[in-house]
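>
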Amino acid sequence: MAELTTRGGGRVAVLKPRVFAWVQDYGVYAAVLALLLFNVLFTPHFLDASNFRTQLVQVTPIVIVSLGMALVIGTQGIDLSVGSAMSLAAALVVLYLGYGWLPALVVAVLGGALVGAVGGALVAYINVQPIVATLALLVGVRGLANVLVPQLVEFRNPDLIALGSSSVAGIPVIVLIAAALTLVVMFVVRRTTFGRQVVAIGGNRSASELSGLPVKRVLLIVYVISGLLAALAGVLATARLQASDPTSLGLFIELSAITAVVVGGTPLTGGRIRVLSTVMGALLMQLLAATLIKHNLPQSWTQMVQAVIILAAVYATRERATR
Amino acid sequence: MNRGQVSRVLQQHGAVMVLGVVVIVGSLAFDSFATPGNAVSVVVSSSFLAIIAIGMTFVIISGGIDLSVGSLFVLGGVLGAYGSQYGLVVALLLPLAVCGLVGLLQGLVIARTGMAPFIVTLAGLLGVRGLMLAISDEGATTYLVKDLAFAELGRGQVLGLSYPVYITIALSLAAMVLLQRTGFGQNVYAIGGNEQAAALMGVPVARTKVYVYLMSGLLAGLAGALNAARLSSGVTILGIGLELDVIAAVVIGGTLLTGGAGGITGTVAGVLLLGVIQSLINQVGNLTSAFQQVVSGLFLALVVVAQRLLSKAQRLT
Numbered sequence: 001m002a003e004l005t006t007r008g009g010g011r012v013a014v015l016k017p018r019v020f021a022w023v024q025d026y027g028v029y030a031a032v033l034a035l036l037l038f039n040v041l042f043t044p045h046f047l048d049a050s051n052f053r054t055q056l057v058q059v060t061p062i063v064i065v066s067l068g069m070a071l072v073i074g075t076q077g078i079d080l081s082v083g084s085a086m087s088l089a090a091a092l093v094v095l096y097l098g099y100g101w102l103p104a105l106v107v108a109v110l111g112g113a114l115v116g117a118v119g120g121a122l123v124a125y126i127n128v129q130p131i132v133a134t135l136a137l138l139v140g141v142r143g144l145a146n147v148l149v150p151q152l153v154e155f156r157n158p159d160l161i162a163l164g165s166s167s168v169a170g171i172p173v174i175v176l177i178a179a180a181l182t183l184v185v186m187f188v189v190r191r192t193t194f195g196r197q198v199v200a201i202g203g204n205r206s207a208s209e210l211s212g213l214p215v216k217r218v219l220l221i222v223y224v225i226s227g228l229l230a231a232l233a234g235v236l237a238t239a240r241l242q243a244s245d246p247t248s249l250g251l252f253i254e255l256s257a258i259t260a261v262v263v264g265g266t267p268l269t270g271g272r273i274r275v276l277s278t279v280m281g282a283l284l285m286q287l288l289a290a291t292l293i294k295h296n297l298p299q300s301w302t303q304m305v306q307a308v309i310i311l312a313a314v315y316a317t318r319e320r321a322t323r
Numbered sequence: 324m325n326r327g328q329v330s331r332v333l334q335q336h337g338a339v340m341v342l343g344v345v346v347i348v349g350s351l352a353f354d355s356f357a358t359p360g361n362a363v364s365v366v367v368s369s370s371f372l373a374i375i376a377i378g379m380t381f382v383i384i385s386g387g388i389d390l391s392v393g394s395l396f397v398l399g400g401v402l403g404a405y406g407s408q409y410g411l412v413v414a415l416l417l418p419l420a421v422c423g424l425v426g427l428l429q430g431l432v433i434a435r436t437g438m439a440p441f442i443v444t445l446a447g448l449l450g451v452r453g454l455m456l457a458i459s460d461e462g463a464t465t466y467l468v469k470d471l472a473f474a475e476l477g478r479g480q481v482l483g484l485s486y487p488v489y490i491t492i493a494l495s496l497a498a499m500v501l502l503q504r505t506g507f508g509q510n511v512y513a514i515g516g517n518e519q520a521a522a523l524m525g526v527p528v529a530r531t532k533v534y535v536y537l538m539s540g541l542l543a544g545l546a547g548a549l550n551a552a553r554l555s556s557g558v559t560i561l562g563i564g565l566e567l568d569v570i571a572a573v574v575i576g577g578t579l580l581t582g583g584a585g586g587i588t589g590t591v592a593g594v595l596l597l598g599v600i601q602s603l604i605n606q607v608g609n610l611t612s613a614f615q616q617v618v619s620g621l622f623l624a625l626v627v628v629a630q631r632l633l634s635k636a637q638r639l640t
């Protein structure tokens, strides 16, 4: 077994480089298309607009959270605090709803940004490992949200309820917001200096430092963005529920978001961010769960199939990392 | 002692010292804290977490992470309760065999493909949870412990402490010897310190990693089985998210997530510290579990910042 330690991706890459490259780049799109095709053929009522809308609305918070997660993972980091940032946002939004929905939303999103700022400061300025820095926040911030709002609180603010339930041209507003955020993050990653800096830092932090990039500031901002997006997802989910539920809102969403990013082909080793593929990864997981449920397969199957897909996706992207 | 030595001692034994301080302060502040009854309840409830944390310590020292232990703990409990209808031996061997197999598979995938432990064990977390739901009718069936000897293993007492406490102590001592006094333990440290250098020196990197994840799986399954024996049933919801508590305990105990440093004493102190803090918060009275989470989170943040500063001080000297 000793020779395994000096393994490399070269052997496989020589054999089937094109197939691997194609799977890495388009595998997740192909999987989503295949699942869609399967459902169109074999699932009754799949093409109903209401079914489509339900699926999209359900996956929206995961999509928004995974956009921030993709940026964090692009810097070789990880953000476990996103679920707790969502729950804090849910608590803050009902506490400040008396001042109107917009101020409440701003306070909630700022709360999430603050969570991100604490995590980012620990990571960037004190060099704490991202996983423990954000683990501390995962534990503490949900506790804080529960202290602020100890139990489920229903609210009747018509504007906030409208934000969660109204549609424009048949498409739910929260889905449109998620789509708009996706475009913004794509633009930031591909076309802005900041996006280039994020990718550079993830690829090689010390080289980025030596070449004069503001590494610490960029890291801090990335975690702030992640917390901010998570809080926004928390507000939208709260608006849809028409109730604030800090105890269970966003619980374990960090795992779903990491899964979406990883299945989308963004390597955990950093230096590469695939925004649209991340969204596809989230859609794939949602579609998969829906398909299995529609065909009367139990929840246990969903989780086992998800496990296999995660492994397959990471195995496929691994080759590029070692090549 | 110079500054580097001081910080090294603090890093390695800080958790034990803080534990001592917290216990003394707690005893002075609350009359009902330093009672034998409270001490026993802290030790007993900590023992299951400690068993899992021992395995996690090896994993983290080797530079990895194991997110699957929470799911394996639950699976071990369900399998133990299910197996108890066939007697004590099956009740213990079934969870150990299945959880060990999962650990072994994860170790093989990590060692052979070079995939990140975080991802492989994240898949393990999901897959094992699915497996647990599959054998318990989607969580609807709770198997009851049928075998009296198995239930006795979880609840029986000697000198006022239940058997799981003694098992935890024995496992901790064995793990200390394994980590500090054997070639295997040295290999674990070497891999976590610098994997490439270890491979060049002839350390069997792949094999050591496989053993480390196998051990983590076995211990998580054992802890689950013992917990099922104590509760007399294989509860399907307890233990979800437990992996994060375990990682927190190991980190508080002074084991660095970067690998290559740490130890069992610190981990046991870290687990006890979490238990003692929980107990103290209970003493304060009408504070909710939410408040306890805030304190735990703050405490964890303080510990990692302190560790970071300490290891910086070590490098400067």
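So the protein lines, in turn, are chains A and B.
First residue of the first sequence: 1, per this note's numbering; consecutive thereafter.
First residue of the second sequence: 324, per this note's numbering; consecutive thereafter.
Beta carbons: idealized from backbone N, C-alpha and C, even for Gly.
(1) Three Cβ pairs or more, each shorter than 8 Å: is that satisfied between the stretch 504 to 516 of chain B and the stretch 364 to 379 of chain B?
(2) Assuming the contact rule is C-beta atoms closer than 8 Å, Gln-24/A and Gln-286/A should be a hit. Round their C-beta distance to whole Å, please.
(3) Could you check the C-alpha separation between Ser-355/B and Gly-598/B for me, to the nearest Å?
(4) For Gln-242/A, name the three-state secondary structure that DSSP assigns.
(5) Return helix, strand or coil for Pro-158/A, following the three-state DSSP convention.
(6) In whole angstroms, what is the alpha-carbon distance linking Pro-359/B and Val-262/A?
(7) Which of helix, strand or coil does DSSP assign to Ser-355/B?
(8) Would you tell me roughly how many angstroms separate the C-alpha atoms of Val-28/A and Ser-84/A, rounded to the nearest one?
(9) Just checking, does the stretch 407 to 415 of chain B make contact with the stretch 274 to 285 of chain A on the three C-beta pairs under 8 Å criterion?
(10) Compare the C-beta of Leu-542/B against all C-beta atoms of chain A and say whether one is closer than 8 Å.
(11) Here's a check: name, in chain order, each residue in its chain whose Cβ is nearer than 7 Å to the Cβ of Met-280/A, leaving out the five neighbours to either side.
(12) Please list, in chain order, the residues of the stretch 355 to 388 of chain B that have any C-beta partner in chain A closer than 7 Å.
(13) With DSSP run on the structure shown, which of helix, strand or coil describes Ser-167/A?
(14) Between Gly-400/B and Ala-551/B, which are expected to be in contact by the criterion C-beta below 8 Å, what is the C-beta distance as a whole number of angstroms?
(15) Can the beta-carbon of Ile-575/B be found less than 8 Å from the beta-carbon of Gly-593/B?
(16) Name the DSSP bridge partner or partners of Val-153/A?
(17) Looking at chain A, is there any beta carbon in it that lies within less than 8 Å of the beta carbon of Phe-441/B?
(18) For a contact meaning CB atoms closer than 7 Å, what does Ala-133/A contact in chain B?
(19) Check the Cβ of Phe-614/B against every Cβ in chain A and list those closer than 8 Å, keeping chain order.
(20) Hey, how far is the Cα of Leu-625/B from the Cα of Gln-197/A?
(21) Considering Glu-518/B, what are the terminal residues of the alpha helix (DSSP H) in which it resides?
(22) Under 7 Å Cβ-Cβ, which residues of chain A neighbour Met-538/B?
(23) Contact between the stretch 232 to 248 of chain A and the stretch 143 to 158 of chain A is defined here as three or more beta-carbon pairs at a separation below 8 Å; is this criterion met?
(24) Should Gly-506/B be flagged as near chain A, meaning a C-beta pair shorter than 8 Å?
(25) Here's a check: name, in chain order, each residue in its chain whose Cβ is nearer than 6 Å to the Cβ of Ile-388/B, leaving out the five neighbours to either side.
(26) Nearest by alpha-carbon distance to Ser-555/B: which of Gly-327/B, Gln-408/B and Ile-384/B is it?
(27) Would you decide whether Val-432/B is buried or exposed? Buried here means 16 or more other CB atoms lie within 10 Å of its CB.
(28) Using the Cα positions of Ala-162/A and Ala-239/A, report the straight-line distance between them to the nearest angstrom.
(29) Given 8 Å as the limit, is there contact between the stretch 207 to 216 of chain A and the stretch 61 to 74 of chain A, that is, 3 or more CB pairs closer than that?
(30) For the structure I just gave you, are there three or more beta carbon pairs, one from the stretch 287 to 294 of chain A and one from the stretch 89 to 107 of chain A, closer than 8 Å?
(31) Work out the CA separation of Thr-60/A and Thr-380/B for me, nearest whole Å.
(32) Drop a sphere of 10 angstroms on the beta-carbon of Trp-101/A, count the other beta-carbons inside from all chains shown, and report buried for 16 or more, exposed for fewer.
(33) Run down chain A in chain order and give the residues with a C-beta less than 7 Å from the C-beta of Val-617/B.
(34) When the Cα atoms are used, what is the spatial distance from Val-305/A to Gly-450/B?
(35) Of the residues Gln-299/A, Ser-300/A, Leu-229/A and Val-314/A, which one's Cα is nearest the Cα of Ser-87/A?
(36) Over the uninterrupted alpha helix (DSSP H) stretch that includes Asp-48/A, give me the two end residues.
So, from the listed chains and residues:
(1) no
(2) Your numbering for residue 24/A matches position 24 in the first sequence. Your numbering for residue 286/A matches position 286 in the first sequence. Incorrect: roughly 22 Å between the Cβ atoms, too far for contact.
(3) Taking the second sequence and counting its residues from 1, one reaches residue 355/B at position 32. Taking the second sequence and counting its residues from 1, one reaches residue 598/B at position 275. Answer to the nearest angstrom: the Cα atoms are 16 Å apart.
(4) What you label residue 242/A is simply residue 242 of the first sequence in a count that begins at 1. Here Gln-242/A sits in coil by DSSP.
(5) On the first sequence, residue 158/A is found 158 positions in, with the first residue counted as 1. Pro-158/A: helix per DSSP, three-state reduction.
(6) Translated into the one-based positions of the second sequence, residue 359/B becomes position 36. Translated into the one-based positions of the first sequence, residue 262/A becomes position 262. Cα-Cα distance, rounded: 49 Å.
(7) Taking the second sequence and counting its residues from 1, one reaches residue 355/B at position 32. Three-state DSSP puts Ser-355/B in coil, outside helix and strand.
(8) Translated into the one-based positions of the first sequence, residue 28/A becomes position 28. Translated into the one-based positions of the first sequence, residue 84/A becomes position 84. In a straight line, the C-alpha of Val-28/A is about 28 Å away from that of Ser-84/A.
(9) Judged by Cβ distances under 8 Å, the stretch 407 to 415 of chain B makes no contact with the stretch 274 to 285 of chain A, as fewer than three pairs qualify.
(10) Against the second sequence, residue 542/B aligns to sequence position 219. Not closer than 8 Å to any Cβ of chain A, the Cβ of Leu-542/B fails to qualify, so no.
(11) As a first step, residue 280/A must be located in the first sequence, where it is residue number 280. Taking C-beta separations shorter than 7 Å and ignoring five residues to either side along the sequence, the partners of Met-280/A in its chain run Val-28, Tyr-29, Val-32 and Gly-264, following chain order.
(12) none
(13) Within the first sequence, numbered from 1, the residue matching residue 167/A stands at position 167. Looking at Ser-167/A - three-state DSSP - the assignment turns out to be strand.
(14) The residue given as residue 400/B occupies position 77 in the second sequence. The residue given as residue 551/B occupies position 228 in the second sequence. Yes, Gly-400/B and Ala-551/B are in contact; Cβ-Cβ is about 4 Å, under 8 Å.
(15) Taking the first residue of the second sequence as position 1, residue 575/B is located at position 252. Taking the first residue of the second sequence as position 1, residue 593/B is located at position 270. Cβ atoms of Ile-575/B and Gly-593/B: closer than 8 Å.
(16) Walking along the first sequence from the start, residue 153/A turns up at place 153. DSSP lists Ser-244/A as partners of Val-153/A.
(17) On the second sequence, residue 441/B is found 118 positions in, with the first residue counted as 1. At least one chain A Cβ lies under 8 Å of Phe-441/B.
(18) Locating residue 133/A in the first sequence gives position 133, where the first residue counts as 1. Going along chain B in sequence order, the residues near Ala-133/A (Cβ under 7 Å) are Val-627.
(19) Taking the first residue of the second sequence as position 1, residue 614/B is located at position 291. By Cβ distance, chain A contributes Gly-143 and Val-147.
(20) Taking the first residue of the second sequence as position 1, residue 625/B is located at position 302. Taking the first residue of the first sequence as position 1, residue 197/A is located at position 197. Their backbone Cα atoms lie some 30 Å apart in a straight line.
(21) On the second sequence, position 195 is the one that residue 518/B refers to. Note, Glu-518/B: alpha helix (DSSP H), 518 to 523.
(22) Mapped onto the second sequence, residue 538/B falls at position 215. Correct list: empty, because the minimum Cβ distance to chain A is about 17 Å.
(23) yes
(24) Stepping through the second sequence from its first residue, residue 506/B is reached at position 183. So, not an interface residue.
(25) Here residue 388/B refers to the residue found at position 65 of the second sequence. The residues are Pro-440 and Phe-441.
(26) On the second sequence, residue 555/B is found 232 positions in, with the first residue counted as 1. Cα-wise, what sits closest to Ser-555/B is Gln-408/B.
(27) Counting from 1 along the second sequence, the entry for residue 432/B is found at position 109. It is buried - the Cβ of Val-432/B has at least 16 other Cβ atoms within 10 Å.
(28) By 1-based counting over the first sequence, the position of residue 162/A is 162. By 1-based counting over the first sequence, the position of residue 239/A is 239. Taking the straight line joining both Cα atoms gives about 8 Å.
(29) no
(30) no
(31) Taking the first residue of the second sequence as 1, we reach residue 380/B at position 57. Taking the first residue of the first sequence as 1, we reach residue 60/A at position 60. Answer to the nearest angstrom: the Cα atoms are 37 Å apart.
(32) For the purposes of this step, residue 101/A is taken as the residue at position 101 of the first sequence. Buried, because 16 or more other Cβ atoms sit within 10 Å of the Cβ of Trp-101/A.
(33) On the second sequence, position 294 is the one that residue 617/B refers to. Gly-140, Gly-143, Leu-144 and Val-147, listed in chain order.
(34) The residue you call residue 305/A lines up with position 305 of the first sequence. The residue you call residue 450/B lines up with position 127 of the second sequence. Rounded to the nearest angstrom, the two C-alpha atoms are 8 Å apart.
(35) Locating residue 87/A in the first sequence gives position 87, where the first residue counts as 1. The shortest Cα separation from Ser-87/A among Gln-299/A, Ser-300/A, Leu-229/A and Val-314/A belongs to Leu-229/A.
(36) Your numbering for residue 48/A matches position 48 in the first sequence. Neither: Asp-48/A is in no alpha helix (DSSP H) and is coded neither H nor E.
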